[in-house]
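For reference, the structure is listed below as structure tokens.
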Amino acid sequence: MTAIIDKLITGQSAAMVDLKNMVKMVAPAATTVLILGETGTGKEVVSRAIHHASNRKGDLISINCAAIPSELLESELFGHEKGAFTGADKPRRGRFEMADGGTLFLDEIGDMPLSLQSKLLRALEDRTIQRVGGGKDVKVNFRLICATHQNLKSKVDDGSFRADLYYRINVFPMQLPSLAERKVDLPMLIKAMMEDDTYMENGSFQFEEEAVGELMRYPWPGNVRELRNVIERASVLFAGRTITASEVRENLLRMKAPKFSEETNFLWQATADLGEPLAAEEALDRPPLPHPSDHRDWFAYFDEIDLRRHLQDIEVTLIEAALDRHEGQVSRAADALKLRRTTLIEKMRKYVIEKPAS
Ligand SMILES: Nc1ncnc2c1ncn2[C@@H]1O[C@H](COP(=O)(O)OP(=O)(O)OP(=O)(O)O)[C@@H](O)[C@H]1O
Ligand SMILES: [Mg+2]
């Protein structure tokens, strides 16, 4: 069992060792598991590990509640009888019935429409379902795993997720660490990905030692999925070559920014004079910001931090870096910082920042 878990889940950091132990303990039980974590942290991977380590005879049946229009979701989950609605010319089993004897993985459960949540609750309580348009109870024996990147508790508080359903599925919550919280796993993850034949068809490549350092400094807002994309990009761009630190910076990390995590960046919000934070949808297309979780362990080592001064230091450093990058051209540096030119000049005056000689 340990072998299959280690094969599916890569990582030796303390957080991952804990996680794998939890998977090992919970897999053989029939317990409902709730997997929580930012986008790309491996929620689906963990659901697979739990199923394959469970020894359940049936299949792992997955459904992404966010990807299926709500009018279709009900019949996808519960199946339907012939004539249940226009187009239902044959009876059809739903995912619950397909998962009989196996595992049902409800991905993005936070997006389950309210109208379906009570029907889902009933299915979980009675372990019986009714097909759409059918009156017969069908007994199903499934193990349930749910996952979401959303904060379900706050959805309960704002009324978009039923409290009784929340307590029903929140039996064994597993919080997946972000990649930023387990950067020590990067070399191992990269190695595992480089051994994956699908990429290596393009030809093998290597990273210089400093190049790995560069990857370690990056905050990885898109987590392991983003890392996978970068490695795939590397296999296309650098087949048969050794990649340097500056190539990592310029060609691998600078290309199109990844899907952005919905977590707000409190550090940046705290500097009120930098303007309003972006709405979540708007933030999706924006380049990444340093990840706040890099600071999460601060108080494990220190008693205090001067937040204002720290934010000021970050501001000064980034302004200097932008001016350097654009050889002292203030308006281009302002663009890079998403500030108005006049705002940047004000800040340079306030912090006594000189333009570098061009
Ligand atoms: N611990 C891990 N070991 C190996 N590969 C991983 C690990 N975690 C994630 N991956 C890889 O990263 C990618 C994203 O993983 P997965 O789809 O499980 O994330 P997710 O949390 O479900 O993301 P989303 O919320 O966006 O659906 C996949 O290609 C997966 O194989
Ligand atoms: Mg997923």
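Numbering (this note's numbering), first residue to last: 268 to 625.
Using N, Cα and C, we set each Cβ at its ideal position, and we do this for glycine too.
Bear in mind the structure is a predicted one, so any value in this text is a computation, not a measurement.
Contact annotation: the region 400-420 touches the region 370-377, with at least three C-beta pairs closer than 8 Å.
By alpha-carbon distance to L344, the top candidate from T306, I376, G309 and R435 is I376.
The alpha-carbon separation between L303 and E621 amounts to approximately 46 Å.
By the criterion of a C-beta distance shorter than 7 Å, L504 is surrounded in its chain by N518, once the five residues flanking it on both sides are discounted.
According to the DSSP assignment, L419 belongs to the alpha helix (DSSP H) that extends over L419 to D424. At least 8 Å separates the beta-carbon of A459 from that of I510. Not a single heavy atom of ligand 1 lies less than 7 Å from the C-beta of G377. Under the three-state reduction of DSSP output, Q279 falls in the coil class, being neither helix nor strand. Distances from the alpha-carbon of A624 to those of R484, E587, G325 and R394 put E587 closest. In this structure, the beta-carbon distance from G361 to N408 does not fall below 8 Å. Unbroken alpha helix (DSSP H) runs of no fewer than 4 residues, entirely contained in the region 333-364, are found at 337-345, following chain order.
A residue is called buried when at least 16 other Cβ atoms come within 10 angstroms of its Cβ; T609 does not meet this threshold and is exposed. Per DSSP, V451 lies in no beta strand (DSSP E) segment and is marked neither H nor E.
Counting only beta-carbon distances shorter than 6 Å to the non-hydrogen atoms of ligand 2, the qualifying residues in chain order are K310, E311 and D374.
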